[in-house]
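Student: Residue numbers (the numbering used here): 7 to 102.
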């Protein structure tokens, strides 16, 4: 699993394509996933006001998304390669 960096501003590097040059090499010997956290890249970008919440884009939301992905899709032990705040998110998920 590779996690991208995030930030307040959407930019060309804050999504799964950040890893596009690394994935083919890693995939030669591993099952590899690179996901876009909700609100970034190719993922949905719901409006928090329409959801009736103030703090939708948060470590809690992304941590739940990552935990659900690991449980529902990966279903096994995993290694993580994280960039920037992706490492912080992984640490946060680890304690959930």
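Every residue, glycine too, gets a C-beta built ideally from N, C-alpha and C. These figures come from a predicted structure and were not determined experimentally.
Taking the alpha helix (DSSP H) that residue 74 falls in, what are its first and last residues?
Tutor: That run of the alpha helix (DSSP H) goes 65 to 75.
Student: Using the Cα positions of residue 53 and residue 37, report the straight-line distance between them to the nearest angstrom.
Tutor: Approximately 33 Å between the Cα atoms of the pair.
Student: Need the endpoints of the alpha helix (DSSP H) that residue 26 sits in, please.
Tutor: Residue 26 -> no alpha helix (DSSP H), and no H or E assigned at all.
Student: I need the boundaries of the alpha helix (DSSP H) containing residue 52, first residue and last residue.
Tutor: Element bounds for residue 52: n/a, residue is neither H nor E.
Student: Could you have a look at residue 17 and say whether DSSP puts it in helix, strand or coil?
Tutor: For residue 17, the predicted model reports a pLDDT of 43, less than 50, meaning its position is unreliable; a value from the coordinates is still stated below. Coil.
Student: I need the DSSP call for residue 97, collapsed to helix, strand or coil.
Tutor: Helix.
Student: Please classify residue 24 as buried or exposed, where buried requires at least 16 neighbouring CB atoms within 10 angstroms.
Tutor: When all chains shown are included, residue 24 counts as buried.
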